[in-house]
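S.K.: Right, I'll just put the structure down here and ask away after.
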Amino acid sequence: MIAVGTGLRCGLAGMLVGLVLAGGNMAARAAPPGACKQSTNIDKKIASCTAFLARKTSVLDRILALDWRANAWVEKSQYDRAIADVTEALALVPRTRGLRGLHVIYAKRGEAFAGKGDLESALQDYGAVLRLKPGDYGARNNRALIYRRQRKFALALADYDAVLKANPRYAIAFNNRSIVHNELGNFEKAIADATRAIRIDSKFGNAYASRAGYFQRQGDLVRALADADQAVKLRHPRASHGRAQEGALATRADIHRTMGNLPLALADCERMQAIDADYVPTLVCFGKTYEKMGDIDQARTWYERAIASRNERRFESTSTDDRKDAEARLAALNSGVPPPAPVVTSAPVTKMPANAKSVATAPITAKIVNEPIANERLETSARQGRRVALVIGNSAYRSVSALTNPKNDATVMAAALRNMGFASVTLALDATRETMVDHLRRFAEESETADWAMVYYAGHGIEVQGQNYLIPVDARLAADRDAQFEAVQLDQVMGAMESAKKLRLVILDACRDNPFAAKMRRVAAPLVVSVRGAVGVARGLGEVSVSGASLVVFAAKHGQTALDGDGANSPFASALVQRIATPGVEINKVFRLVRDDVLDATAGRQEPYTYGSLPGREDFFFVAAK
């Protein structure tokens with residue numbers, strides 16, 4: 001978890017001069033008491049404002065007291081109450097004469113809407129703020145936070161750039177922009193922005209926590225832990241200090257778990273509990289730590305509490321994401337399949353991994369589907385409909401270095417799918433372009449009578465001019481334009497599956513770097529691709545757009561490399577082939593579990609990523625419940 005410096009506090013403190021009646025006389029009125037505005041004790045502040053509002057007051061005084069109380073409700077995560085107070089204040093505005101400072105009240109309600117997860121309403125209020133005061137960089141920063149949660153990264157970056165142009169020393173905006181860079185896989189830019197935030201404000205704990213997460217994603221656990229320690233030590237003068245501490249503690253607990261320091265991870269969970277006992281990330285912190293310790297009963301209890309939590313902050317993005325993790329892990333624990341998770345090699349506690357493109361992997365030891373599933377489950381699995389798969393493993397490349405694991409990964413995957421009751425599984429190893437196209441043509445015909453259509457690909461993949469390509473073993477790719485003649489477009493793979501009735505699934509265990517880059521000439525006209533602004537041949541596989549009942553699962557998030565294993569299988573394939581064997585775990589949950597397993601196995605260097613979503617009217621299972 002990465003702590004976020006929000007910069008969302010936009011109350012009227014220090015702005016009384018901005019909220020006046022045209023021609024009004026401030027001295028002639030009995031303003032709300034100081035405790036209503038300034039008290040650092042939130043409950044005392046609420047009580048003072050409430051008592052004042054019970055009296056007969058002027059319109060302006062009532063607006064002020066409602067806004068200050070709304071600020072307190074937000075501090076307590078009582079977002080509906082904050083929204084009610086601000087809405088009442090805004091309803092009073094027409095009764096004033098020339099009210100100024102109105103943008104601040106809209107900003108407060110925007111913050112409350114964002115807190116409860118109503119992002120569109122939040123955007124409307126922040127839009128109102130910027131119409132009233134275009135130069136309000138605090139509101140622009142907050143709007144960028146909403147765009148980030150909506151994965152509208154280009155809009156978020158544009159707002160952050162505008163904020164930092166107006167105020168080059170706004171540390172919060174640097175930290176928040178670093179989080180967008182991290183989401184886009186630009187880890188060096190993320191680290192640079194977090195570092196600039198720290199240089200501006202050496203006591204900015206959120207920036208240390210953010211940078212700790214970035215170092216962890218690079219496998220640099222030593223520097224990650226140092227930054228997490230610093231984030232935990234720093235105190236924040238604001239009333240929201242506890243939340244900043246939670247984020248730092250959650251980040252450090254995750255690093256401790258990765259390094260195998262489980263008692264220290266548990267201690268950080270306990271410190272989070274002291275801040276907010278029913279906060280979803282706190283409960284999941286306990287669940288993951290106990291699961292790692294082998295205490296499955298305790299882990300199950302904490303996951304159940306996380307799923308059932310009614311904490312006021314349950315709609316925050318961190319809470320919703322952690323609740324999904326809890327649901328996935330609980331489903332696996334309740335499946336009754338021992339062991340509860342794939343075995344992964346302990347993460348290295350070194351500054352950086354010795355091999356940038358490989359990682360230690362243990363042999364597959366967790367239960368896999370290595371024989372046909374029992375008859376009593378075949379009938380239940382049949383309810384999923386007719387399932388077909390095309391599995392491709394390309395290792396023996398002729399023009400670039402061979403890959404170690406793809407053939408092994410594809411072979412074990414094909415065997416597992418056959419034994420799960422897939423009606424047809426085609427295995428293609430070291431396929432040329434002609435072979436891949438022929439297989440796709442036949443697979444398209446099979447998909448016409450299928451409910452599920454699945455393609456698993458292990459090998460090289462690249463992005464050229466905005467198109468993703470899977471690379472056959474005979475590709476030479478001397479120039480970027482050669483990709484259309486020597487490789488296979490991902491769109492072509494998706495097209496071969498489009499006739500499937502219920503589910504279309506593509507799983508890509510492809511290195512997200514470009515092995516041909518050193519010798520590939522760029523001769524096509526430059527074309528800006530994706531929100532990262534890359535041009536021409538820039539990297540391995542890029543982001544994809546998915547519609548309908550389709551999922552595209554990448555072994556590595558954009559900006560990361562899908563690592564080979566030093567054993568027979570890659571860490572992604574090892575986790576995947578074991579997780580899909582767990583009965584009764586819905587497909588979306590399977591891939592969340594795989595993500596966590598790969599993060600553990602690679603010391604945070606590789607995070608699988610899923611594009612697309614499935615309709616909620618039906619659940620999908622690789623293996624039905626027992």
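One point on numbering: in this note's numbering, the residue at position 204 of the sequence shown is 204, and numbering is uninterrupted.
Ideal placement from N, C-alpha and C gives every residue a C-beta, glycine not left out.
Treat the numbers as computed from the prediction; the structure is a model and nothing was measured.
1) Report the option in 507, 492, 77 whose CA atom is closest to the CA atom of residue 276.
2) Is the region 563 to 580 touching the region 224 to 235, taking contact as three or more C-beta pairs under 8 angstroms?
3) Taking the alpha carbon of residue 137 as the point to measure from, which residue in 124, 114, 246, 169 has its own alpha carbon closest?
4) Helix, strand or coil: which one does DSSP assign to residue 627?
5) Of all the beta strand (DSSP E) runs that stay within the bounds of the region 457 to 499, which reach a length of 3 or more residues?
6) Just the Cα atoms here: how many angstroms apart are residue 193 and residue 563?
7) Taking just the CA atoms, how far does residue 393 sit from residue 408?
8) Going by C-alpha to C-alpha distance, which of 247, 156, 141, 90 sits closest to residue 206?
9) Within 8 angstroms, do at least three Cβ pairs link the region 590 to 610 to the region 397 to 416?
10) For a test of the three-state rule: what should DSSP assign to residue 104, helix, strand or coil?
11) From the DSSP output, in three-state form, read off residue 580 for me.
12) Strictly by DSSP, which residues pair up with residue 611?
13) Output the distance between the C-alpha atoms of residue 388 and residue 424, rounded to the nearest integer angstrom.
14) Would you check if the distance between the CB atom of residue 390 and the CB atom of residue 488 is smaller than 8 angstroms?
15) Given a cut-off of 8 angstroms on the beta-carbon distance, is the pair residue 306 and residue 294 in contact?
16) In terms of residue numbering, what span does the beta strand (DSSP E) encompassing residue 450 cover?
17) Using only the alpha-carbon positions, how far apart do residue 268 and residue 73 sit?
18) Should residue 141 be flagged as near chain B, meaning a C-beta pair shorter than 8 angstroms?
19) Here's a check: name, in chain order, each residue in its chain whose Cβ is nearer than 8 angstroms to the Cβ of residue 164, leaving out the five neighbours to either side.
20) Which class does residue 310 belong to by DSSP, given the choice of helix, strand or coil?
21) Look up residue 533 in the DSSP assignment and say whether it is helix, strand or coil.
22) Determine, using beta carbons only, whether residue 316 and residue 584 come nearer to each other than 8 angstroms.
23) If you check the beta carbons only, do residue 385 and residue 452 fall under 8 angstroms apart?
24) Taking Cβ positions, are residue 549 and residue 614 nearer each other than 8 angstroms?
25) Work out the CA separation of residue 504 and residue 417 for me, nearest whole Å.
26) Going by DSSP, what residue range makes up the alpha helix (DSSP H) through residue 129?
27) Just grab the DSSP bridge partners of residue 586 for me.
28) In the DSSP output, which residue or residues are listed as bridge partners for residue 391?
29) On the three-state DSSP scale, how would you describe residue 331?
30) Tell me the residue span of the alpha helix (DSSP H) that contains residue 286.
31) Rounded C-beta distance between residue 312 and residue 330? I'm assuming under 8 angstroms.
32) Name the residue from 490, 321, 621 whose alpha carbon lies nearest to the alpha carbon of residue 420.
33) Which residue's Cα is closest to the Cα of residue 495: 447, 483, 300, 86?
34) With a Cβ-Cβ cutoff of 8 angstroms, do residue 179 and residue 210 count as a contact?
35) At the level of alpha carbons, what is the spacing between residue 199 and residue 190?
M.R.: Quick look at the numbers:
1) The count along the sequence shown starts at 1 and reaches residue 276 at position 276. The option with the nearest alpha carbon to residue 276 is 77.
2) Because the criterion of three Cβ pairs below 8 angstroms is not met, the region 563 to 580 and the region 224 to 235 do not touch.
3) Working through the sequence shown from its first residue, we reach residue 137 at position 137. Distance from the Cα of residue 137 is smallest, within the candidate group 124, 114, 246, 169, for 169.
4) Limits of the chain in this structure are 1 at one end and 626 at the other, which puts residue 627 out of reach.
5) Fully enclosed beta strand (DSSP E) runs of 3 or longer: 467 to 470.
6) The residue you call residue 193 lines up with position 193 of the sequence shown. The residue you call residue 563 lines up with position 563 of the sequence shown. Cα to Cα, residue 193 sits roughly 27 angstroms from residue 563.
7) The count along the sequence shown starts at 1 and reaches residue 408 at position 408. The count along the sequence shown starts at 1 and reaches residue 393 at position 393. A direct Cα-Cα distance of roughly 8 angstroms separates residue 408 from residue 393.
8) Stepping through the sequence shown from its first residue, residue 206 is reached at position 206. Selected option, being the one with the closest Cα: 247.
9) Contact fails between the region 397 to 416 and the region 590 to 610, because fewer than three Cβ pairs, one in each stretch, are under 8 angstroms apart.
10) To locate residue 104, count along the sequence shown from 1; it is residue 104. In the three-state scheme derived from DSSP, where H, G and I count as helix and E and B as strand, residue 104 is classed as helix.
11) Along the sequence shown, one-based indexing puts residue 580 at 580. In this structure, DSSP gives residue 580 a state outside helix and strand, which the three-state scheme calls coil.
12) Mapped onto the sequence shown, residue 611 falls at position 611. According to DSSP, residue 611 bridges with 552.
13) Counting from one through the sequence shown, the residue named residue 388 turns up at place 388. Counting from one through the sequence shown, the residue named residue 424 turns up at place 424. So the alpha carbons of these two residues sit roughly 5 angstroms apart.
14) Counted from its first residue, the sequence shown places residue 390 at position 390. Counted from its first residue, the sequence shown places residue 488 at position 488. The criterion of a C-beta distance shorter than 8 angstroms is not satisfied by residue 390 and residue 488.
15) Reading the sequence shown from its first residue, position 306 is the one you call residue 306. Reading the sequence shown from its first residue, position 294 is the one you call residue 294. Residue 294 sits away from residue 306, with the two beta carbons spaced by 8 angstroms or more.
16) Here residue 450 refers to the residue found at position 450 of the sequence shown. Premise fails: residue 450 is in no beta strand (DSSP E) and is neither H nor E.
17) Reading the sequence shown from its first residue, position 268 is the one you call residue 268. Reading the sequence shown from its first residue, position 73 is the one you call residue 73. Distance between the alpha carbons of residue 268 and residue 73: 27 angstroms.
18) Here chain B cannot be found, since the structure has a single protein chain.
19) Taking the sequence shown and counting its residues from 1, one reaches residue 164 at position 164. Same-chain partners within the cutoff: 170, 173, 174, 177.
20) Looking up residue 310 in the sequence shown gives position 310. When secondary structure is reduced to three states using DSSP, residue 310 falls in the coil class, being assigned neither helix nor strand.
21) In the sequence shown, the residue the question calls residue 533 occupies position 533. Low per-residue confidence applies at residue 533: pLDDT is 26, beneath 50, and the placement is therefore not dependable, though the value from the model is reported in the following sentence. Coil at residue 533, not helix or strand.
22) Locating residue 316 in the sequence shown gives position 316, where the first residue counts as 1. Locating residue 584 in the sequence shown gives position 584, where the first residue counts as 1. Note that the C-beta distance between residue 316 and residue 584 is not below 8 angstroms.
23) Start at 1 with the first residue of the sequence shown, and residue 385 comes out as number 385. Start at 1 with the first residue of the sequence shown, and residue 452 comes out as number 452. Contact: yes.
24) As a working note, residue 549 is residue 549 in the sequence shown. As a working note, residue 614 is residue 614 in the sequence shown. Contact flag set, yes.
25) Reading the sequence shown from its first residue, position 417 is the one you call residue 417. Reading the sequence shown from its first residue, position 504 is the one you call residue 504. Roughly 15 angstroms separates the two Cα atoms.
26) Position 129 of the sequence shown, counted from the first residue, corresponds to residue 129. Looking at the DSSP string, the run of the alpha helix (DSSP H) that includes residue 129 is 119 to 132.
27) Residue numbering aside, residue 586 sits at position 586 when the sequence shown is read from its first letter. According to DSSP, which records beta bridges pairwise, residue 586 is partnered with 621.
28) Counting from one through the sequence shown, the residue named residue 391 turns up at place 391. Bridge partners of residue 391: 427, 456.
29) What you label residue 331 is simply residue 331 of the sequence shown in a count that begins at 1. Helix.
30) Translated into the one-based positions of the sequence shown, residue 286 becomes position 286. Where residue 286 is concerned, the enclosing alpha helix (DSSP H) stretches over 280 to 293.
31) Within the sequence shown, numbered from 1, the residue matching residue 312 stands at position 312. Within the sequence shown, numbered from 1, the residue matching residue 330 stands at position 330. So it is not a contact: roughly 23 angstroms between Cβ atoms.
32) Locating residue 420 in the sequence shown gives position 420, where the first residue counts as 1. With distances taken between Cα atoms, residue 420 lies closest to 621.
33) As a working note, residue 495 is residue 495 in the sequence shown. Considering only alpha carbons, the answer is 447.
34) Taking the sequence shown and counting its residues from 1, one reaches residue 179 at position 179. Taking the sequence shown and counting its residues from 1, one reaches residue 210 at position 210. At a Cβ-Cβ threshold of 8 angstroms, residue 179 and residue 210 count as neighbours.
35) Residue 199 sits at position 199 when you count from the first residue of the sequence shown. Residue 190 sits at position 190 when you count from the first residue of the sequence shown. Cα to Cα, the separation comes out at about 14 angstroms.
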